[in-house]
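Numbering (the UniProt record's numbering), first residue to last: 1 to 234.
Where is the CB? At the ideal position from N, CA and C, for every residue including glycine.
Values in this document were obtained by computation on a predicted structure and should not be read as measured data.
Please read the structure below before turning to the comments.
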Amino acid sequence: ATDLAAAALVELRAAGERGPGAGGPAESVADVFSRLADKLVLLMRHNDVRLELGEPEEPDRPLPAPVADAAYATVRGAVLTMLEQPGLGRVRVAWTVDGGALRLSVRDDGPGELTTDHPGIRRLAEGLAALDAEVTLDAVPGWGTTLVVALPLASAKGQRQQPPASLNPRELDVLRLLSSGHRNRRIAELLGISEHTVKFHVANILDKLDVASRGEAAAAARSFGLVEAGAPFA
Numbered sequence: 001a002t003d004l005a006a007a008a009l010v011e012l013r014a015a016g017e018r019g020p021g022a023g024g025p026a027e028s029v030a031d032v033f034s035r036l037a038d039k040l041v042l043l044m045r046h047n048d049v050r051l052e053l054g055e056p057e058e059p060d061r062p063l064p065a066p067v068a069d070a071a072y073a074t075v076r077g078a079v080l081t082m083l084e085q086p087g088l089g090r091v092r093v094a095w096t097v098d099g100g101a102l103r104l105s106v107r108d109d110g111p112g113e114l115t116t117d118h119p120g121i122r123r124l125a126e127g128l129a130a131l132d133a134e135v136t137l138d139a140v141p142g143w144g145t146t147l148v149v150a151l152p153l154a155s156a157k158g159q160r161q162q163p164p165a166s167l168n169p170r171e172l173d174v175l176r177l178l179s180s181g182h183r184n185r186r187i188a189e190l191l192g193i194s195e196h197t198v199k200f201h202v203a204n205i206l207d208k209l210d211v212a213s214r215g216e217a218a219a220a221a222r223s224f225g226l227v228e229a230g231a232p233f234a
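Listed below in structure tokens is the structure:
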């Protein structure tokens with residue numbers, strides 16, 4: 001679960017799994033929630049925890065792509081963080097549209113010991129900062145934890161993440177080409193370097209982005225604006 005939670009945090013920074021990010025078409029609340037529900041049901045197959053899903057209000061409301069992607073990644077990351085706790089029996093996920101914001105609620109019946117200092121919660125909050133999201137965590141010992149995130153619908157348009165400063169210019173070049181669908185040999189030819197050097201750069205990129213695959217790195221590159229939204233994943 002820890003590795004999956006880390007991947008979810010990357011998705012949040014990278015505007016979610018689907019890649020188009022800010023340039024993608026708007027989806028309805030119902031469509032995004034349905035996508036998320038399918039993913040959560042699969043995750044729960046490996047856990048003895050009951051998943052409860054609250055039908056979203058205003059299901060036909062269109063969501064800006066950054067909000068849709070952030071909502072998907074945030075809830076997935078929150079659920080995975082909660083699943084790391086012992087003695088968990090139930091997780092409930094609900095969405096509402098309230099006052100110009102998409103409000104995400106994730107509640108568990110665990111030990112109620114999660115805090116804002118928990119690495120998973122802290123990184124979720126950091127990833128949401130670019131969208132001006134409001135994050136509230138309420139943990140009651142012995143009763144469980146409730147995470148509520150309010151994502152503004154208006155201010156999210158046009159938001160774009162920045163690539164980590166730790167990526168050097170050559171690594172950014174490799175990331176652009178990787179995300180455009182090129183394999184290592186072709187990247188080596190285009191940059192005039194050896195294939196071994198490309199592999200070295202790719203390993204560094206995955207490490208610095210804290211991702212496990214080229215596809216996740218490509219999603220990050222799209223959110224950074226390094227490649228066009230319609231470019232294929234590597």
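Exposure label - residue i; buried when at least 16 CB within 10 Å
i, result
"Val-41", "exposed"
"Gln-85", "buried"
"Arg-50", "exposed"
"Asn-168", "exposed"
"Trp-143", "exposed"
"His-201", "buried"
"Val-135", "buried"
"Ser-194", "exposed"
Reduced DSSP category for residue i - H, G, I as helix; E, B as strand; rest coil
i, result
"Ser-179", "helix"
"Leu-137", "strand"
"Asp-98", "strand"
"Leu-114", "coil"
"Pro-59", "coil"
"Val-91", "strand"
"Asn-204", "helix"
"Pro-164", "coil"
"Leu-151", "strand"
"Ala-221", "helix"
Range covered by the alpha helix (DSSP H) that runs through residue i
i, result
"Ala-73", "65–83"
"Ser-213", "No alpha helix (DSSP H) contains Ser-213, which DSSP labels as neither H nor E."
"Gly-127", "119–128"
"Glu-189", "184–191"
"Leu-42", "29–44"
Selected residue, minimal CA-CA separation from residue i, among the options
i, options, result
"Arg-222", "Arg-92, Leu-83, Leu-175", "Leu-175"
"Leu-177", "Pro-163, Val-198, Leu-104, Asp-138", "Val-198"
"Ala-78", "Val-29, Thr-116, Leu-153", "Thr-116"
"Ala-151", "Asn-47, Ala-101, Ile-193, Ala-68", "Sequence check: residue 151 is Leu here, not Ala. Ranking the options by Cα distance to Leu-151, first place goes to Ala-101."
"Pro-64", "Val-93, Val-97, Glu-27, Leu-36", "Glu-27"
"Asp-207", "Arg-45, Ala-220, Ile-121", "Ala-220"
Bridge-paired residues (DSSP) for residue i
i, result
"Thr-146", "Arg-107, Asp-138"
"Arg-50", "Arg-90"
"Leu-226", "DSSP lists no partner for Leu-226."
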